[in-house]
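Following: one structure in structure tokens, then a few remarks.
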Amino acid sequence: MPKSPAKPLTPDQVLDKMAKYCAYQERCVKDVRDKLKTFNIPQEEKTKILEYLLDNRFVNDERFAKSFVRGKVNQSGWGMNKIRFHLIQKGITKELIDEALGQTDEEVYRQRLIEILKTKAKTVKAANDYEKKRKLAAYAMQKGFESNLVWEVLKDLAV
Numbered sequence: 032m033p034k035s036p037a038k039p040l041t042p043d044q045v046l047d048k049m050a051k052y053c054a055y056q057e058r059c060v061k062d063v064r065d066k067l068k069t070f071n072i073p074q075e076e077k078t079k080i081l082e083y084l085l086d087n088r089f090v091n092d093e094r095f096a097k098s099f100v101r102g103k104v105n106q107s108g109w110g111m112n113k114i115r116f117h118l119i120q121k122g123i124t125k126e127l128i129d130e131a132l133g134q135t136d137e138e139v140y141r142q143r144l145i146e147i148l149k150t151k152a153k154t155v156k157a158a159n160d161y162e163k164k165r166k167l168a169a170y171a172m173q174k175g176f177e178s179n180l181v182w183e184v185l186k187d188l189a190v
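Take a look at the structure:
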């Protein structure tokens, strides 16, 4: 028997779904707007829902940016360049991005880069040390680490 089409949601049901969506993990305003577009309710209702979520701190770009930076540095091993790019894609302002990136402990960030390079060095095949360091640098920069920091760390690292 064919499935009947889903019953349209009321604005209150959409608000409930969006509140749960935001409570599940940090979201930015762009994510919430994109999710709201998927619901078949009038635009003015979508606007009211977004305002409610903002007013009640379900969604907050500053909190999102700080959480995003922490997660990407600590769990994903991303560098500042890649993080900045992704935050720009999420519509986060330059000021909030700079503030969130500024909260990163420079020594922890440097140690993370060292761990990433040491791990990668075990699998890199190269004819000589220069080629190995070049490949490691390319890898770290692809992960978003700044080239000057990468070369500074590689200079001191025995690989």
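The numbering of the sequence shown is this note's numbering, which starts it at 32 and goes up by one. C-beta: ideal position from N, C-alpha, C; glycine also.
For the alpha helix (DSSP H) containing Gln-74, name the first residue and the last one.
74-86 is the extent of the alpha helix (DSSP H) around Gln-74.
With distances taken Cα to Cα, identify the nearest neighbour of Leu-185 among Ile-123, Ala-152, Phe-95.
Nearest C-alpha to Leu-185: Ala-152.
Where do the ends of the alpha helix (DSSP H) carrying Cys-53 lie?
It spans 42-55 - the alpha helix (DSSP H) in which Cys-53 sits, taken as one unbroken run.
Which same chain residues end up closer than 7 Å to Lys-140 when comparing Cβ atoms and leaving out the 5 residues on each side of it in sequence?
The residue you asked about is not Lys; residue 140 is Tyr in the sequence shown. Cβ within range, chain order: Val-104.
Going by Cα to Cα distance, which pick from Ser-107, Asn-91, Phe-89, Glu-57 is closest to Gly-175?
The shortest Cα separation from Gly-175 among Ser-107, Asn-91, Phe-89, Glu-57 belongs to Ser-107.
Cutting at 7 Å between CB atoms, please list the residues of its own chain near Lys-61, excluding the five before and the five after it.
So the qualifying residues of the chain are Lys-121, Gly-122.
If I follow the unbroken alpha helix (DSSP H) through Lys-66, where does it start and stop?
That run of the alpha helix (DSSP H) goes 60-67.
DSSP on Ser-35, reduced to helix/strand/coil?
Low confidence applies to Ser-35: its pLDDT is 45, below 50, so where it sits in the model is not reliable, and the reading given next is rough at best. In this structure, Ser-35 counts as coil in the three-state DSSP scheme.
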